[in-house]
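This report concerns only the one structure given below.
2 protein chains.
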Amino acid sequence: MIIDCHGHYTTTPPGVGIWRETQKAAVAADPDHVGEKGRIAVSDDEIRESLEGAQLRLQRERGTDLTIFSPRASWMGHHVGNEHTSTFWSQHQNELIRRVCDLYPANFAPVCQLPQSPGAAVDGSVRELRRCVVEMGFVGCNVNPDPSGGSWSGPPLWDRYWWPLWETMCELDVPAMIHVSASCNENLHTTSSHYLGADTTAFTHALSSGFMKDFPGLRFVIPHGGGAVPYHWGRFKGLAADNGWDFDHLLDHIWFDTCVYHQRGIDLLLDVVPVDNILFASEMVGAVRGVDPDTGHHYDDTKRYLDGAVLGDEDRRRIFDSNIRRVYPRLA
Amino acid sequence: MIIDCHGHYTTTPPGVGIWRETQKAAVAADPDHVGEKGRIAVSDDEIRESLEGAQLRLQRERGTDLTIFSPRASWMGHHVGNEHTSTFWSQHQNELIRRVCDLYPANFAPVCQLPQSPGAAVDGSVRELRRCVVEMGFVGCNVNPDPSGGSWSGPPLWDRYWWPLWETMCELDVPAMIHVSASCNENLHTTSSHYLGADTTAFTHALSSGFMKDFPGLRFVIPHGGGAVPYHWGRFKGLAADNGWDFDHLLDHIWFDTCVYHQRGIDLLLDVVPVDNILFASEMVGAVRGVDPDTGHHYDDTKRYLDGAVLGDEDRRRIFDSNIRRVYPRLA
Numbered sequence: 001m002i003i004d005c006h007g008h009y010t011t012t013p014p015g016v017g018i019w020r021e022t023q024k025a026a027v028a029a030d031p032d033h034v035g036e037k038g039r040i041a042v043s044d045d046e047i048r049e050s051l052e053g054a055q056l057r058l059q060r061e062r063g064t065d066l067t068i069f070s071p072r073a074s075w076m077g078h079h080v081g082n083e084h085t086s087t088f089w090s091q092h093q094n095e096l097i098r099r100v101c102d103l104y105p106a107n108f109a110p111v112c113q114l115p116q117s118p119g120a121a122v123d124g125s126v127r128e129l130r131r132c133v134v135e136m137g138f139v140g141c142n143v144n145p146d147p148s149g150g151s152w153s154g155p156p157l158w159d160r161y162w163w164p165l166w167e168t169m170c171e172l173d174v175p176a177m178i179h180v181s182a183s184c185n186e187n188l189h190t191t192s193s194h195y196l197g198a199d200t201t202a203f204t205h206a207l208s209s210g211f212m213k214d215f216p217g218l219r220f221v222i223p224h225g226g227g228a229v230p231y232h233w234g235r236f237k238g239l240a241a242d243n244g245w246d247f248d249h250l251l252d253h254i255w256f257d258t259c260v261y262h263q264r265g266i267d268l269l270l271d272v273v274p275v276d277n278i279l280f281a282s283e284m285v286g287a288v289r290g291v292d293p294d295t296g297h298h299y300d301d302t303k304r305y306l307d308g309a310v311l312g313d314e315d316r317r318r319i320f321d322s323n324i325r326r327v328y329p330r331l332a
Numbered sequence: 333m334i335i336d337c338h339g340h341y342t343t344t345p346p347g348v349g350i351w352r353e354t355q356k357a358a359v360a361a362d363p364d365h366v367g368e369k370g371r372i373a374v375s376d377d378e379i380r381e382s383l384e385g386a387q388l389r390l391q392r393e394r395g396t397d398l399t400i401f402s403p404r405a406s407w408m409g410h411h412v413g414n415e416h417t418s419t420f421w422s423q424h425q426n427e428l429i430r431r432v433c434d435l436y437p438a439n440f441a442p443v444c445q446l447p448q449s450p451g452a453a454v455d456g457s458v459r460e461l462r463r464c465v466v467e468m469g470f471v472g473c474n475v476n477p478d479p480s481g482g483s484w485s486g487p488p489l490w491d492r493y494w495w496p497l498w499e500t501m502c503e504l505d506v507p508a509m510i511h512v513s514a515s516c517n518e519n520l521h522t523t524s525s526h527y528l529g530a531d532t533t534a535f536t537h538a539l540s541s542g543f544m545k546d547f548p549g550l551r552f553v554i555p556h557g558g559g560a561v562p563y564h565w566g567r568f569k570g571l572a573a574d575n576g577w578d579f580d581h582l583l584d585h586i587w588f589d590t591c592v593y594h595q596r597g598i599d600l601l602l603d604v605v606p607v608d609n610i611l612f613a614s615e616m617v618g619a620v621r622g623v624d625p626d627t628g629h630h631y632d633d634t635k636r637y638l639d640g641a642v643l644g645d646e647d648r649r650r651i652f653d654s655n656i657r658r659v660y661p662r663l664a
């Protein structure tokens, strides 16, 4: 079986964006706006239509079986409005993911976004995680390490602020993909410098603090091939040695996905990162949607790069399947 | 000849740090503190001693000839104090680099830091650049794309704010290495997530805006192997195609150094980036000072990785020598 651990619902029907734009307008007019959850007007047929020509078609064409599916990352927008803004929006987005998975249980498994908000307590995120996993059968969550949207003004991942969330993840046996949302800082471009910088930053939080040791079952997936980390594997190993950071233990807690959009990048990832710490992913219909003129194939068709890599059958099976089941045990 | 284009004076005699700590204490007590330049008490013998056992010894041991040498990057600290703070400190640091190069003209060529300061006009940096190049024979400068030290609150590199500096660089025919200083944001670790994130961010500023086209002779060196960029070459090419950004023109303006501290990383850099856009560098006695237990050699002995790479003699000569002379014509 081929499991893609990183997909977002980027093709939502128009009703979703309309609800969100209305909410954003209200909170722009009044920063303390609470509002109400209301309803998002989207039919099952609209959901089917939004997926059939996109993610489902690509699953068939590329030969993948199951996508671990979460709300559109760049739309999480935790910096928008206040805690209520994020709460209602996250609930809607997660319920929509649940509907997708109910319509196509063989094709998608649900991962939730959390109602993070700058300055808000983590309790709301803990509650939403518990609701999604316990009541709605979700298998993991996305955690935004910078809910400020590009000024990095909140507590680092090693700060005690996060501990109730880490404890709940351990209790529920679910991993987090550490994934920022859109940048609202003109210095940082969302799907390149912000995403990749955040991946590197999340890894560094874990490495430099060693905090994950205190949470034996805690599991992070670092998306986009780990940002800059594998390319600078020597730098990180050297910094760890210089500073007394425990590099090796980290690999009990950290996995890198394969969202690297050229063959040579994937080759490097496979060469330096232990195979047990690599999870297949494409983030298809995501940041990069075009065709590479050098290959004639979509940049984000990462399965092709893995098929083209020097890799034994057993290692291939781990990356496509068994590693992912180990990180997301609730898939069973 | 083997030219290392990225070295910082990280081993300054004690008088330098003492002067700076005194200045930092004064401006911590009074944010509007101006003070005066005063003198840094360092003798020529102290300078010799600080280099003989470090950079000069390593040049001999590793077989490199000339290091393009600038003040310690992490000490630039543009976020500290006010514009006066940065002005006096930058002048001292640059004058110290001049003394180093006067003592060892065959071993070092001078590059300056600029008196950047959050919210300050760029004029002071233009003046100091002109002083260093015209009066003191400097061959380039370091530009900090985030003088806030990790909150990215200033204008991006494409903003008109910077234009007088770009114009002066073109007029004087000197390049800039785009290099941040220490992070004062606990989310960002100086020599890993902050440095590498800034490298990726600087490249993205140039790519997404296309502003360098307006400055035909403008040349940027992106240090630390370009941050995450070469590893994500496909992502950046794909984003450029999706967004109508001109990827190819950028290579008339951008060079990557070889501060990547393992063989596989260097191999990737050489495989994806055109050889004419790669400059040899080690940043020795810098971020990573230890020995790689897997190789028995220093992580930052990047010449070894280039020696170990599949590379023709002519390409090797370009990376070690002629590309660097082209980017830094004042070396002549």
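Going down the list, the sequences are from chains A and B. For what it's worth, the numbering used here labels the leading residue of the first sequence as 1, then goes sequentially. For what it's worth, the numbering used here labels the leading residue of the second sequence as 333, then goes sequentially. Just so it is clear, CB atoms sit at the ideal spot from N, CA and C, and this is done for glycine as well.
Original post:
When DSSP labels each residue in this structure, what does M468(B) get in the three-state scheme?
Top reply: Counted from its first residue, the second sequence places residue 468(B) at position 136. Helix.
Original post:
Under 8 Å between C-beta atoms, does N476(B) make it to chain A?
Top reply: By one-based count along the second sequence, residue 476(B) stands at place 144. False, the Cβ-Cβ gap to chain A never drops below 8 Å.
**OP:** Jot down the residue ranges of each uninterrupted alpha helix (DSSP H) in the region 181-217 of chain A, minimum 4 residues, whole runs only, in chain order.
**Re:** Fully enclosed alpha helix (DSSP H) runs of no fewer than 4 residues occupy 195-209 of the region 181-217 of chain A, in order along the chain.
**OP:** With 8 Å as the threshold, decide whether the Cβ of V604(B) is near any Cβ in chain A.
**Re:** Stepping through the second sequence from its first residue, residue 604(B) is reached at position 272. At least one chain A Cβ lies under 8 Å of V604(B).
Subject >> In DSSP terms, what P447(B) is bridged to >> reply: For this step, residue 447(B) is matched to residue 115 along the second sequence. For P447(B), which the question treats as bridged, DSSP gives no partner whatsoever.
Subject >> Near-chain B residues of the region 218-246 of chain A (beta-carbon distance less than 8 Å), N- to C-terminal order >> reply: Answer set for the region 218-246 of chain A: H224, G225, G227, A228, P230, Y231, H232, W233, G234, R235, F236, K237, G238, L239, A241, D242.
**OP:** Under the assumption that G210(A) contacts W245(A) (Cβ atoms under 8 Å), give the Cβ distance between them as a whole number of angstroms.
**Re:** The residue given as residue 210(A) occupies position 210 in the first sequence. The residue given as residue 245(A) occupies position 245 in the first sequence. Right, their Cβ atoms sit about 7 Å apart.
**OP:** Check whether the Cβ atoms of F552(B) and I598(B) lie closer than 8 Å to each other.
**Re:** Counting from one through the second sequence, the residue named residue 552(B) turns up at place 220. Counting from one through the second sequence, the residue named residue 598(B) turns up at place 266. No, the Cβ-Cβ distance between F552(B) and I598(B) is not below 8 Å.
Original post:
How do the region 268-281 of chain A and the region 299-317 of chain A stand: do at least 3 beta-carbon pairs fall below 8 Å, yes or no?
Top reply: Contact between the region 268-281 of chain A and the region 299-317 of chain A is present: three or more C-beta pairs spanning the two stretches fall below 8 Å.
**OP:** With L571(B) as the anchor, note down where its alpha helix (DSSP H) starts and where it stops.
**Re:** Taking the second sequence and counting its residues from 1, the one referred to as residue 571(B) is at position 239. L571(B) -> alpha helix (DSSP H) spans 565-575.
Original post:
Leaving out the 5 sequence neighbours to the left and right, which residues in its chain are closer than 7 Å to G77(A) when beta-carbon positions are compared?
Top reply: Taking the first residue of the first sequence as position 1, residue 77(A) is located at position 77. Taken in chain order, the residues that qualify are S181, A182.
Original post:
Applying the criterion that 16 or more other CB atoms from any shown protein chain within 10 Å of the CB defines a buried residue, is V310(A) buried or exposed?
Top reply: The sequence position of residue 310(A) within the first sequence is 310, counting from 1. V310(A) should be labelled exposed.
Original post:
Closest to Q445(B) by CA distance: which of R462(B), Q425(B), V366(B), A373(B) is it?
Top reply: Along the second sequence, one-based indexing puts residue 445(B) at 113. Residue Q425(B) holds the alpha-carbon nearest to the alpha-carbon of Q445(B) among R462(B), Q425(B), V366(B), A373(B).
Subject >> G7(A) - containing beta strand (DSSP E), residue span >> reply: As a working note, residue 7(A) is residue 7 in the first sequence. 3-9 is the span of the beta strand (DSSP E), which, as asked, contains G7(A).
Subject >> Three-state secondary structure (DSSP) of C101(A) >> reply: Position 101 of the first sequence, counted from the first residue, corresponds to residue 101(A). Helix, per DSSP.
**OP:** Give me the Cα-Cα distance between V475(B) and R394(B), rounded to the nearest whole angstrom.
**Re:** Position 143 of the second sequence, counted from the start, is the residue given in the question as residue 475(B). Position 62 of the second sequence, counted from the start, is the residue given in the question as residue 394(B). Rounded to the nearest angstrom, the two C-alpha atoms are 28 Å apart.
**OP:** Assign V221(A) to one of three DSSP states: helix, strand, or coil.
**Re:** As a first step, residue 221(A) is located in the first sequence; it is residue number 221 there, counting from the start. Under the three-state reduction of DSSP, V221(A) is assigned to strand.
Original post:
Which full runs of the alpha helix (DSSP H) of 4+ residues lie inside the region 355-401 of chain B, going along the chain?
Top reply: Complete alpha helix (DSSP H) runs here, min 4: 376-384, 387-394.
Original post:
Considering only C-alpha positions, which residue in the set Y637(B), F579(B), R462(B) is nearest to H537(B)?
Top reply: Here the question's residue 537(B) lines up with position 205 in the second sequence. Closest by alpha carbon: F579(B).
Original post:
Going along the region 506-526 of chain B in order, which residues come within less than 7 Å of chain A, judged by CB to CB distance?
Top reply: With the criterion set as a beta carbon lying under 7 Å from some beta carbon of chain A, the members of the region 506-526 of chain B are N517, E518, N519, L520, H521, T523, S524, S525, in sequence order.
Original post:
For L268(A) and chain B, any beta-carbon pair shorter than 8 Å?
Top reply: Numbered from 1 along the first sequence, position 268 holds the residue referred to as residue 268(A). So, interface residue.
Original post:
Which class does L251(A) belong to by DSSP, given the choice of helix, strand or coil?
Top reply: As a working note, residue 251(A) is residue 251 in the first sequence. Taken through DSSP and simplified to helix, strand or coil, L251(A) comes out as coil.
Subject >> Alpha-carbon to alpha-carbon, L602(B) and V139(A) >> reply: Position 139 of the first sequence, counted from the first residue, corresponds to residue 139(A). Position 270 of the second sequence, counted from the first residue, corresponds to residue 602(B). Each residue's alpha carbon lies about 40 Å from the other.
Original post:
DSSP state of N476(B), grouped into three classes?
Top reply: In the second sequence, counting from the first residue as 1, residue 476(B) sits at position 144. DSSP places N476(B) in the coil class of the three-state scheme, outside both helix and strand.
Original post:
With 16 as the cutoff for other CB atoms within 10 Å, does I350(B) come out buried or exposed?
Top reply: Residue numbering aside, residue 350(B) sits at position 18 when the second sequence is read from its first letter. That one is exposed.
Original post:
Beta-carbon separation of D429(B) and P447(B) under 8 Å?
Top reply: For the purposes of this step, residue 429(B) is identified with residue 97 of the second sequence, where counting begins at 1. For the purposes of this step, residue 447(B) is identified with residue 115 of the second sequence, where counting begins at 1. Going by the sequence as given, residue 429(B) is Ile instead of Asp. When the beta-carbon positions are compared, I429(B) and P447(B) stay at least 8 Å from each other.
Original post:
Taking the continuous alpha helix (DSSP H) assigned at M501(B), which residues delimit it?
Top reply: Residue 501(B) sits at position 169 when you count from the first residue of the second sequence. Counting along the chain, the unbroken alpha helix (DSSP H) around M501(B) starts and ends at 495-504.
Original post:
In terms of alpha-carbon separation, which member of R658(B), V659(B), R657(B), D653(B) lies closest to T396(B)?
Top reply: Against the second sequence, residue 396(B) aligns to sequence position 64. Distances from the alpha-carbon of T396(B) to those of R658(B), V659(B), R657(B), D653(B) put D653(B) closest.
Subject >> Those residues which DSSP pairs with D292(A) across a bridge >> reply: Within the first sequence, residue 292(A) is the residue found at index 292, counting from 1. Per the DSSP secondary-structure output, D292(A) pairs in a beta bridge with H297(A).
Original post:
Just the Cα atoms here: how many angstroms apart are D4(A) and V272(A)?
Top reply: Looking up residue 4(A) in the first sequence gives position 4. Looking up residue 272(A) in the first sequence gives position 272. Cα to Cα, the separation comes out at about 21 Å.
**OP:** Closer than 8 Å by beta-carbon distance: list the chain A residues that pair up with D308(B), in chain order.
**Re:** For residue 308(B) there is no data in the structure shown, the boundaries of chain B being 333 and 664.
**OP:** Can you say whether N575(B) is buried or exposed, counting buried as having 16 or more other CB atoms within 10 angstroms of its CB?
**Re:** In the second sequence, residue 575(B) corresponds to position 243, counting from 1. By the neighbour-count rule (16 or more Cβ atoms within 10 Å), N575(B) is not buried but exposed.
**OP:** Measure the C-alpha to C-alpha separation of S282(A) and L58(A) and round it to an integer number of angstroms.
**Re:** Residue 282(A) sits at position 282 when you count from the first residue of the first sequence. Residue 58(A) sits at position 58 when you count from the first residue of the first sequence. Taking C-alpha positions only, S282(A) is separated from L58(A) by approximately 11 Å.
Original post:
Hey, is L51(A)'s beta-carbon within less than 8 Å of any beta-carbon in chain B?
Top reply: Taking the first sequence and counting its residues from 1, one reaches residue 51(A) at position 51. At a cut-off of 8 Å, the C-beta of L51(A) has no neighbouring C-beta in chain B.
**OP:** Quick one: list the residues of chain A neighbouring H585(B), beta-carbon separation under 8 Å, in chain order.
**Re:** Sequence index remark: in the second sequence, residue 585(B) carries index 253 (1-based). For H585(B), there are no neighbours in chain A by C-beta distance under 8 Å, as the nearest C-beta there is about 17 Å away.
**OP:** Tell me, please, whether the CB atom of S151(A) is closer than 8 Å to any CB atom in chain B?
**Re:** Position 151 of the first sequence, counted from the start, is the residue given in the question as residue 151(A). Residue-level contact by beta carbon holds for S151(A) and chain B, with a gap shorter than 8 Å.
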